[in-house]
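Only one structure is covered here, and it is reproduced in the block below.
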Amino acid sequence: DQAHIGVTGLAVMGRNLARNFARRGYTVALHNRRRERTDDLIEQFGSEGTFVPTYSHRELVDALERPRRLVVMVKAGQPTDDVLDELAPLLDSGDILVDAGNANFEDTRRREAALAERGLHFVGSGVSGGEEGALHGPSIMPGGSETAYSELAPLLGDIAANVDGTPCVTHVGPDGAGHFVKMVHNGIEYSDMQLIAEAYDLLRHGLGREPGAIAETFLHWNTGRLDSYLIEITAEVLGHTDSRTGKPFVDVVLDQAEQKGTGRWTVQSALELGTPVSGIAEAVFARSLSGHAELREAAQGLPGPSGSGVPEDEADRFVADVEQALYASKIVAYAQGFNQIQAGSAEYGWNIDLGAVAAIWRGGCIIRAEFLDRIRAAYEANPTLPTLLTDTGFQQALDEAQDSWRRVVATATSLGIPVPGFSTALAYYDALRASRLPAALVQGQRDFFGAHTYRRTDSEGVFHTEWAADRTEHEA
Ligand code: NDP
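Structural data, given as structure tokens:
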């Protein structure tokens, strides 16, 4: 019997996706560059379902029913190109290649176009949820043709996470749309993690609470509107004690955050698109700053404020304020990320349904949260909502939060606790709200030194003032 689907690249992600398909009753052809991984999977998990081990690309291709469905789960970048180059000549028109790795969406666009010329369907698909998600149900963000999606949908629907009977998979849009959305997902993830880290820092250094106590606070928050996977694991990490020293785990970990690059991609793309994703950018820069040991070392002696922490009799209010600030900043971070998807969709002609994206992020992925159902509902109620901030529900939440939010940023500033995520979110909110921005002055400066021209509030057209001469204005 021919296999329903094949998987090549059997490291943690590929192996678990293959097992997930097999556990759902699909016959899965297996392949890996080094045969040990294939043999190892059969030996350890062969009893979980029907696997067909293969040891060459030819054997792999021959093992598949038609149209072939083949998932590539190898290292992103050049290795993916190498594997696609080897597989493409062995496939027939109408076959479907899925790249489920973390590809850059520009690469996916290029690969899709090249493979389409050979009559092959190429599906660049984001997969989120890490190792556990791949095995038990990830959130899946496939791009590519409608035809390819219809061939894959039943299988992907079976292995994806499920929320209220709805699988966390949707056809995001053509070519690079799936990997683009996965990229923004990761950018939002950076932002969310940074905001949570700032909330922790405020409770730790503003209030002087111990990690164990802060873990309790996060657990409590997790029973409310902040209920999410990231808050849940934050409580776990903060509650963990280092077995070697008996100290809180968070105190023995080197405070230099690393990154693999998807956050950077998100910001690079946002710069190209002209979408202000300041929350994501600050989160990427915060990681980068933390890693500059030499800069931080050099700055150790710089003076800070003299004020002490938040007084104990204000502690309860401060904790409540931090929860409000975290929630409000989170709304801004997601609003920015969704605006980037909207901009990417317009730029590349993807026609992405923002509500559907929010819906498939409700389960399986790293940013899964009850919150995403509110975003889904907001876009369902108004698919052309210019920003999530103006959705009635979110607007109410921001209104309720804003006094707390401002107090938290003010307190952090006076105590010298860096809150780039909270403060940039608040600045974004205030800038969008403002009826006049000092951008008018910037335009004046630009016109002064570079004759870059400006537009007026009271008449159509483009103008220039003769700054160096008699300062008369004329239409440019
Ligand atoms: P890795 O990214 O570590 O990749 C290892 C796999 O790639 C192995 O199967 C390896 O084969 C294969 N490989 C590497 N180079 C080549 C090559 N030139 N030709 C053929 N095969 C090659 O594995 P992961 O499972 O961690 O991730 C797979 C993909 O999924 C990546 O794109 C990753 O970014 C993405 N991803 C990972 C997540 C995670 O949590 N780890 C989450 C979501 C996506 P061999 O065994 O022979 O060395």
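The working numbering puts the first residue of the sequence shown at -19, with every later residue one more than the last. Backbone N, C-alpha and C define an ideal beta-carbon position, used for all residues, glycine too.
Would DSSP call residue i helix, strand or coil?
i	result
Pro191	helix
Pro147	strand
Glu453	strand
Leu334	helix
His220	coil
Arg89	helix
Tyr434	strand
Met53	coil
Val257	coil
Ser270	helix
Ala140	coil
Leu(-10)	coil
Thr7	coil
His(-16)	coil
Ala411	helix
Residue i: which of the options sits nearest, CA to CA?
i	options	result
Thr60	Ser439, Arg48, Ala80, Ala179	Ala80
Arg4	Thr(-12), Ser270, Arg297, Phe31	Phe31
Gly99	Pro69, Val107, Glu111	Pro69
Leu40	His165, Phe25, Thr(-12), Arg90	Thr(-12)
Leu67	Leu417, Phe85, Arg48, Glu327	Arg48
Ala133	Val78, Ser439, Pro363	Val78
Arg89	Pro154, Ser325, Val107, Asn362	Pro154
Leu406	Leu253, Ile397, Leu369, Gly441	Leu369
Val103	Ala114, Gly74, Leu115	Gly74
Ser270	Leu71, His444, Gln236, Trp447	Gln236
Gly284	Ile397, Leu352, His432	Ile397
Glu294	Ala83, Gly186, Ser130	Gly186
Tyr180	Pro33, Thr203, Asn166, Leu210	Leu210
Ala420	Asp333, His165, Ala(-2), Arg435	Arg435
Thr242	Asp138, Asp65, Asn166	Asn166
Mind checking whether residue i and residue j have CB atoms under 8 angstroms apart?
i	j	result
Val(-8)	Phe1	no
His(-16)	Leu182	no
Arg348	Arg342	yes
Tyr359	Ala338	yes
Gly156	Gly123	yes
His101	Ser125	yes
Phe85	Phe25	no
Val63	Val54	yes
Asp438	Ser384	no
Ala177	Phe198	no
Going by beta carbon distance, what residues of the same chain come within less than 7 angstroms of residue i, once the five residues before and after it are set aside?
i	result
Tyr6	His(-16), Ile(-15), Leu135
Thr255	Asn319, Gln320, Ala323
Leu115	Asn(-4), Arg(-1), Asn0
Might you give, ordered along the chain, the residues of its own chain that have their beta carbon closer than 8 angstroms to the beta carbon of residue i, omitting 5 neighbours on each side?
i	result
Asp222	Pro228, Phe229, Asp231, Val232
Tyr307	Arg205, Leu206, Ala377, Ala381
Phe265	Pro400
Asn142	Gly117, Cys148, Gly343
Nearest-angstrom Cα distance between residue i and residue j?
i	j	result
Ser403	Ser394	13 angstroms
Val388	Leu218	21 angstroms
Ala411	Gly226	46 angstroms
Lys162	Lys310	18 angstroms
Glu303	Gly289	18 angstroms
Phe443	Arg416	19 angstroms
Glu97	His151	21 angstroms
Asp19	Asp(-19)	20 angstroms
Arg38	Gly117	30 angstroms
Asp450	Pro418	25 angstroms
His200	Ile213	13 angstroms
Gln58	Gly329	27 angstroms
Ala(-2)	Ala326	35 angstroms
Arg14	Gly145	39 angstroms
Gly113	Ala193	29 angstroms
Tyr409	Asp371	14 angstroms
Ser108	Gln248	21 angstroms
Val164	Thr452	47 angstroms
Short of 6 angstroms in beta carbon distance, which residues of its chain neighbour residue i, apart from the five on each side in sequence? Order them along the chain.
i	result
Ser171	Gly259, Ile260, Ala263, Ala313
Gly335	Arg356, Tyr359, Glu360
Thr367	Ala315
Gly441	Glu455
Ala250	Val257, Gln320
Glu45	Gln(-18)
Gly(-6)	Val(-13), Met53
Glu169	Ile346, Ile347
Phe428	Trp447
Pro33	Leu10, Thr18, Ile22
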